[in-house]
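Engineer:
Numbering (my numbering), first residue to last: -10 to 259.
#1: Report the start-end ranges of each alpha helix (DSSP H) in the stretch 84 to 114 that is 4 residues or longer and not cut off at the edges.
#2: Suppose contacts are defined by Cβ-Cβ distances below 7 Å. Is residue 99 in contact with residue 118 by that definition?
#3: Give me, in chain order, the residues of the same chain whose beta-carbon lies closer than 6 Å to that of residue 195; leave out the 5 immediate sequence neighbours on both sides.
#4: Could you say if the stretch 69 to 76 and the stretch 185 to 201 meet the contact criterion of at least three C-beta pairs nearer than 8 Å?
#5: Excluding the 5 residues preceding and the 5 following residue 140 in the sequence, name in chain order all residues of the same chain whose CB lies nearer than 7 Å to its CB.
#6: Within this structure, are the beta carbons of residue 205 and residue 230 separated by less than 7 Å?
#7: So residue 71 is in the alpha helix (DSSP H); what residue range does that whole segment cover?
#8: Given this structure, state the Cα-to-Cα distance separating residue 0 from residue 177, to the nearest angstrom.
#9: Once you ignore the five residues that flank residue 152 on each side, which residues in its own chain have a CB closer than 7 Å to its CB?
#10: Provide the residue(s) that pair with residue 194 in DSSP beta bridges, ordered along the chain.
#11: Can you give me the Cβ contacts of residue 105 inside the same chain, cut-off strictly under 7 Å, excluding the 5 residues immediately before and after it?
#12: Hey, how far is the Cα of residue 80 from the Cα of residue 36?
#13: Please state whether the Cβ-Cβ distance between residue 11 and residue 65 is less than 7 Å.
#14: To the nearest angstrom, how far is it from the Cα of residue 120 to the Cα of residue 256?
#15: Measure how close the beta-carbons of residue 201 and residue 234 come, nearest whole angstrom, since I'm counting them as under 8 Å.
#16: Taking the runs of the alpha helix (DSSP H) that are 4 residues or longer, which of them lie wholly in the stretch -6 to 68?
#17: Near residue 9, which residues of its chain fall below 7 Å by C-beta distance, leaving aside the five closest residues on each side in sequence?
#18: Quick one: grab the DSSP three-state call for residue 258.
#19: Restricting to Cα atoms, I'd like to know which of 31, 116, 148 is closest to residue 130.
#20: Quick check: the Cα distance between residue 33 and residue -3, rounded to an integer number of angstroms?
#21: Count the other CB atoms within 10 Å of the CB of residue 242; is the residue buried (16 or more) or exposed (fewer)?
#22: Helix, strand or coil, according to DSSP, for residue 80 in the structure here?
#23: Starting from the Cα of residue 238, find the closest Cα among 198, 217, 253 and give me that residue.
#24: Where are the alpha helix (DSSP H) runs, 4 residues long or more, that stay fully inside the stretch 141 to 173, in chain order?
#25: Do residue 89 and residue 67 have their CB atoms nearer than 7 Å?
#26: In this structure, how does DSSP classify residue 253 when only helix, strand and coil are distinguished?
#27: Quick one: Cα of residue 245 to Cα of residue 62, how far?
#28: When burial is assigned at 16 or more other CB atoms within 10 Å of the CB, is residue 186 buried or exposed?
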């Protein structure tokens, strides 16, 4: 923590009883150490503390538009890849934070530029952006990497995931785990169909983050496409193409244990 700190910390909690109780305790302990905890989100804060599970973390990041303020998470949920502090370790966390005993990790985001017949939209995702069919319909997609045609995909959809998102929906769908500091995106098929007409890769493909990925729906299916960003569904009419790349924008989080990532992998999956 810098010597010219603002002493303002945002505490953001979901509505679970365990989270609200943890938030009250945390606010009391931080206040006793001289920190100010605003009642509403303060853009001048030095730290965002998010209490809940990974879903709460993702909703917070989107709600406050991917702020430059670093995050740290207290886990009152189930998985907790983003939420690395346990409620019983709050005192240790506060002491380490005051001493500056932590590192700051950069989290890469996936950016999608969505083009319709007459409009252009840009969205950001922390974990992934998924292209799938409305009402679970099969989708038919042309996939290009750096303007080179890769495949004529047919199936339930395609996941474009970030390194931090590789352990989520991507991993559950058969994708690979990518270390968070690697600047790359992963293309993972959802229930791909391989036939004489559609030749779909059956496994995920990892692409350097500076190489664009383009997905174009077949024109007759352009209104059957659903875009899902970190679990939130978005609908656009007349989609002509979607370009994906690692975003220039990043978010950051505090890391209090250099071995936390590997410990998380083992404890959550093995």
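Backbone N, C-alpha and C fix where the C-beta goes; we use that ideal spot for every residue, glycine too.
Structural biologist: Let me lay it out:
#1: none
#2: Indexing the chain shown from 1 puts residue 99 at position 110. Indexing the chain shown from 1 puts residue 118 at position 129. Cβ distance < 7 Å, so residue 99 and residue 118 count as in contact.
#3: As a working note, residue 195 is residue 206 in the chain shown. Same-chain partners within the cutoff: 173, 175.
#4: no
#5: Locating residue 140 in the chain shown gives position 151, where the first residue counts as 1. For residue 140, where only same-chain residues beyond five positions count, the Cβ hits under 7 Å are 132, 188, 189, 190.
#6: The residue given as residue 205 occupies position 216 in the chain shown. The residue given as residue 230 occupies position 241 in the chain shown. Contact flag set, yes.
#7: The sequence position of residue 71 within the chain shown is 82, counting from 1. Residue 71 -> no alpha helix (DSSP H), and no H or E assigned at all.
#8: Start at 1 with the first residue of the chain shown, and residue 0 comes out as number 11. Start at 1 with the first residue of the chain shown, and residue 177 comes out as number 188. So the alpha carbons of these two residues sit roughly 35 Å apart.
#9: By one-based count along the chain shown, residue 152 stands at place 163. Hits under 7 Å: 97, 167, 168, 169, 171, 173.
#10: As a position in the chain shown, residue 194 is number 205, starting the count at 1. Beta-bridge pairing links residue 194 to 176.
#11: Position 116 of the chain shown, counting from 1, holds the residue named residue 105. Counting only Cβ-Cβ distances below 7 Å, and skipping sequence neighbours, we find 225, 226, 227, 228, 229.
#12: Stepping through the chain shown from its first residue, residue 80 is reached at position 91. Stepping through the chain shown from its first residue, residue 36 is reached at position 47. Taking the straight line from one Cα to the other gives about 16 Å.
#13: As a first step, residue 11 is located in the chain shown; it is residue number 22 there, counting from the start. As a first step, residue 65 is located in the chain shown; it is residue number 76 there, counting from the start. Yes; because the gap between Cβ atoms is below 7 Å, this pair is in contact.
#14: For the purposes of this step, residue 120 is taken as residue 131 along the chain shown, with counting starting at 1. For the purposes of this step, residue 256 is taken as residue 267 along the chain shown, with counting starting at 1. Cα to Cα, the separation comes out at about 30 Å.
#15: Along the chain shown, one-based indexing puts residue 201 at 212. Along the chain shown, one-based indexing puts residue 234 at 245. Yes, they are in contact, since the Cβ atoms of residue 201 and residue 234 sit about 5 Å apart, within 8 Å.
#16: Listed in chain order, the complete alpha helix (DSSP H) runs (minimum 4 residues) inside the stretch -6 to 68 are 6 to 21, 43 to 52.
#17: As a working mapping, residue 9 is identified with position 20 in the chain shown. The answer, listed in chain order, is 2.
#18: The residue you call residue 258 lines up with position 269 of the chain shown. Helix.
#19: Locating residue 130 in the chain shown gives position 141, counting from the first residue. Comparing Cα-Cα distances from residue 130 to each of 31, 116, 148, the minimum goes to 148.
#20: Working through the chain shown from its first residue, we reach residue 33 at position 44. Working through the chain shown from its first residue, we reach residue -3 at position 8. Those two C-alpha atoms are separated by around 7 Å.
#21: Counting from 1 along the chain shown, the entry for residue 242 is found at position 253. That one is buried.
#22: Taking the chain shown and counting its residues from 1, one reaches residue 80 at position 91. It is helical.
#23: The residue given as residue 238 occupies position 249 in the chain shown. Checking every option, the nearest Cα to that of residue 238 belongs to 198.
#24: 158 to 161
#25: As a working mapping, residue 89 is identified with position 100 in the chain shown. As a working mapping, residue 67 is identified with position 78 in the chain shown. Cβ distance not < 7 Å, so residue 89 and residue 67 don't count as in contact.
#26: If you number the chain shown from 1, residue 253 lands on position 264. Reduced to three states, the DSSP call for residue 253 is helix.
#27: Looking up residue 245 in the chain shown gives position 256. Looking up residue 62 in the chain shown gives position 73. In a straight line, the C-alpha of residue 245 is about 11 Å away from that of residue 62.
#28: As a working mapping, residue 186 is identified with position 197 in the chain shown. It counts as exposed.
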